[in-house]
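Participant:
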Amino acid sequence: MSLTMRNVAFSTLIVISSAFFVNSFPDGAPVDTCVKPSKANEPNHGQARSQPVQTSPYTFIASSSQYGPGSQITVTISGSSFKGFFLQARDPDTDSWIGSWAQTDNTNTHPECSAVTHADPYVKQHATLIWNAPPNARGRVYFT
Numbered sequence: 001m002s003l004t005m006r007n008v009a010f011s012t013l014i015v016i017s018s019a020f021f022v023n024s025f026p027d028g029a030p031v032d033t034c035v036k037p038s039k040a041n042e043p044n045h046g047q048a049r050s051q052p053v054q055t056s057p058y059t060f061i062a063s064s065s066q067y068g069p070g071s072q073i074t075v076t077i078s079g080s081s082f083k084g085f086f087l088q089a090r091d092p093d094t095d096s097w098i099g100s101w102a103q104t105d106n107t108n109t110h111p112e113c114s115a116v117t118h119a120d121p122y123v124k125q126h127a128t129l130i131w132n133a134p135p136n137a138r139g140r141v142y143f144t
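Counting in the UniProt record's numbering, the sequence shown runs from 1 upward without gaps.
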């Protein structure tokens with residue numbers, strides 16, 4: 001076997017082998033994503049930092065930042081195409097998880113931490129999500 005063929009074979013083997021070490025979540029973020037109640041969705045991406053809001057290719061629009069008992073707030077994610085998301089509702093004063101998410105098309109919910117995530121690996125142009133306020137409370141909410 002020539003040196004070129006050997007290099008091609010070795011490169012192919014490396015590429016195929018590395019596919020076994022990729023960790024992704026095509027069905028949405030797992031429930032253990034919820035374990036950081038005081039760190040507002042700080043990703044576990046090593047030294048990576050969040051992109052500044054001003055340069056983000058995505059727009060997050062909530063129909064309101066205030067809620068009453070049993071009300072609903074629509075949150076829309078749009079912008080550049082994306083495959084996944086993980087969003088939580090939090091109280092701005094205590095940073096605690098509040099409310100719940102309606103099960104909508106192509107989403108999974110994590111009621112234990114007021115979170116919603118994607119349910120498929122497909123490219124999306126937007127996602128429309130519905131948050132349900134607590135039944136006996138009123139106040140402010142932010143989505144992170």
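Virtual Cβ for every residue (Gly too), placed ideally from N, Cα, C.
Return the Cβ separation of Y67 and A133 in integer angstroms, given the expectation that the two are a contact with Cβ distance under 8 Å.
Facilitator: The C-beta distance from Y67 to A133 rounds to 4 Å, short enough to meet the 8 Å contact threshold.
Participant: When you compare the CB positions of P135 and P69, do they come within less than 7 Å of one another, or not?
Facilitator: yes
Participant: So, with DSSP's three-state summary, where would you put V141?
Facilitator: coil
Participant: Which same chain residues end up closer than 8 Å to S56 when comparing Cβ atoms and leaving out the 5 residues on each side of it in sequence?
Facilitator: G79
Participant: What did DSSP end up calling F21 once you bin it into helix, strand or coil?
Facilitator: Reliability of the predicted coordinates at F21 is poor, the pLDDT of 43 falling under 50, and the value obtained from them is presented with this limitation in mind. DSSP places F21 in helix when its eight states are reduced to three.
Participant: Within its chain, find whatever has a CB closer than 6 Å to the CB of C113; leave out the 5 residues flanking it on each side and keep chain order.
Facilitator: C34, W97
Participant: How far does the beta strand (DSSP E) with V75 in it extend, from its first residue to its last?
Facilitator: 72-82
Participant: Go ahead and pull the three-state DSSP assignment for V123.
Facilitator: coil
Participant: For the beta strand (DSSP E) that A62 lies in, which residues bound it at each end?
Facilitator: 58-62
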